[in-house]
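What the sequence shown shows, in our numbering, is residues -1 to 296, in sequence order.
To keep things clear, I will list the structure first and then write my remarks on it.
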Amino acid sequence: MKFKGHESFAIRRGWLYKGMKHVRERGDIFLAKDAMEELGLGSNMVKSLRYWMQATGLTEETSEGSRRVQKLTKLGELIWREDPYIEEIGTLWLLHAHLVTNEELATSWHFFFQRFLMQEFAKEDFVHALRGEADAAESSLASDFDCILATYIPRTLLKGRVDPESNIDCPLGALGLLRPVSVDGAGGKEGKSKVYRRELQDSANIPPEIFLAVLLAFAKDRAELPLQDVLSGTEEMAGAGRTFGLDFAGLLAMLYRMERSGALQVVRTAGLDVVRIRTKEPPLAWAERYYEGLVGEG
-1 MKFKGHESFA IRRGWLYKGM KHVRERGDIF LAKDAMEELG LGSNMVKSLR
49 YWMQATGLTE ETSEGSRRVQ KLTKLGELIW REDPYIEEIG TLWLLHAHLV
99 TNEELATSWH FFFQRFLMQE FAKEDFVHAL RGEADAAESS LASDFDCILA
149 TYIPRTLLKG RVDPESNIDC PLGALGLLRP VSVDGAGGKE GKSKVYRREL
199 QDSANIPPEI FLAVLLAFAK DRAELPLQDV LSGTEEMAGA GRTFGLDFAG
249 LLAMLYRMER SGALQVVRTA GLDVVRIRTK EPPLAWAERY YEGLVGEG
């Protein structure tokens, strides 16, 4: 488990491009003496970017002798090649899916999207729920909650929460997964906790190739998945429905879209409610199809 690895900074626009660019040129950039100068970031921001590159699945960090170095993962190589500036909605969903299923590095994100079930909630709700499972300081959990908000809610909707000069929108805010119910407190009453809400997503706005890439990664070669597990997940598998902000109806709509491609089959007869995986292609092959489709549209 890891908490507050972000150093209180959410991902900022341009950071992931900057990180990929420098990691490709110099794997030990984040621990180099001239890291701040090369990256154009302060000391804590360098630490934050080092963390975010791994938490989103763009890089992995290993030891080479006495040095710690990062290199792009297969996902990182794909995104660097196809969308290095992180502009496409499919790229954002891929990064989000990796982040919220990375229980080791992004424990609070994983807990929030996979196990914390409240639709409307305040900071105290989240901190209390996670403290029941994690041996971590309350201040660290509260900091993670604030960073989750900054990750998914544009700063214009969080006005007054932080100094505008230090708050640059995170690109994942474009997904529209969270929204404040009231920025001034519940019901607008002073002294009440601010309340936030999960926003259900329209499956028509989620690229089906990206959804399938994520589902296949979650399935880990399983040939048949109960529909309820695809929605909510299990101890062994993350829930695609929860990851993408879909309810059961939205999940079915997405699966039926993919069924037409022949990649899977939805079975709801003879007492079964399962998804049968038909494709033999690996997850990233479907992500590549998504990017190929963008070129075709252009």
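From the three backbone atoms N, C-alpha and C, an ideal C-beta is built for every residue, glycine too.
{"query": "How big is the Cα-Cα spacing for residue 302 and residue 238?", "result": "Outside the shown range of the chain (-1 to 296) lies residue 302, about which nothing can therefore be said."}
{"query": "By Cβ distance, which residues of its chain are closer than 7 angstroms to residue 260, with the 5 residues on each side in sequence left out?", "result": "276"}
{"query": "Rounded to whole angstroms, how far is the Cβ of residue 77 from the Cβ of residue 56, which I believe are closer than 8 angstroms?", "result": "7 angstroms"}
{"query": "Okay, do the stretch 246 to 255 and the stretch 189 to 207 touch, 3+ Cβ pairs below 8 angstroms being the bar?", "result": "yes"}
{"query": "The beta strand (DSSP E) that contains residue 121, what's its start and end?", "result": "It is not in any beta strand (DSSP E) - residue 121 instead sits in the alpha helix (DSSP H) that spans 121 to 129."}
{"query": "Which of helix, strand or coil does DSSP assign to residue 80?", "result": "helix"}
{"query": "How big is the Cα-Cα spacing for residue 155 and residue 177?", "result": "8 angstroms"}
{"query": "Determine contact between the stretch 283 to 292 and the stretch 228 to 244, defined as no fewer than three beta-carbon pairs at a distance below 8 angstroms.", "result": "no"}
{"query": "Give the secondary structure of residue 255 by DSSP, where H, G and I count as helix, E and B as strand, and everything else as coil.", "result": "helix"}
{"query": "For residue 20 and residue 35, which I take to be in contact (beta-carbon distance under 8 angstroms), what is that distance rounded to the nearest angstrom?", "result": "The Cβ separation is near 12 angstroms, so there is no contact."}
{"query": "From residue 85 to residue 167, what does the alpha carbon distance come to, in whole angstroms?", "result": "14 angstroms"}
{"query": "Go ahead and pull the three-state DSSP assignment for residue 117.", "result": "coil"}
{"query": "Hey, residue 12 and residue 83: beta-carbon distance below 9 angstroms or not?", "result": "yes"}
{"query": "Taking residue 137 as the reference, which of 280, 286, 5 has the closest Cα?", "result": "5"}
{"query": "Could you give the C-beta distance for residue 298 and residue 68, rounded to a whole number, given that I count them as a contact under 8 angstroms?", "result": "Given that the chain is displayed from residue -1 to residue 296, the structure contains no residue 298 and the question cannot be resolved."}
{"query": "Three or more beta-carbon pairs under 8 angstroms between the stretch 115 to 123 and the stretch 267 to 281, yes or no?", "result": "no"}
{"query": "Compute the distance between the beta-carbons of residue 73 and residue 106, then report whether it is under 9 angstroms.", "result": "no"}
{"query": "Report, in whole angstroms, the separation of the C-beta atoms of residue 97 and residue 53, which I expect to be a contact under 8 angstroms.", "result": "6 angstroms"}
{"query": "Give me the Cα-Cα distance between residue 147 and residue 233, rounded to the nearest whole angstrom.", "result": "25 angstroms"}
{"query": "How many angstroms separate the CA atom of residue 285 from the CA atom of residue 62?", "result": "31 angstroms"}
{"query": "Give the DSSP-derived three-state secondary structure of residue 9 in the structure shown.", "result": "coil"}
{"query": "Once you ignore the five residues that flank residue 210 on each side, which residues in its own chain have a CB closer than 7 angstroms to its CB?", "result": "256, 261, 284"}
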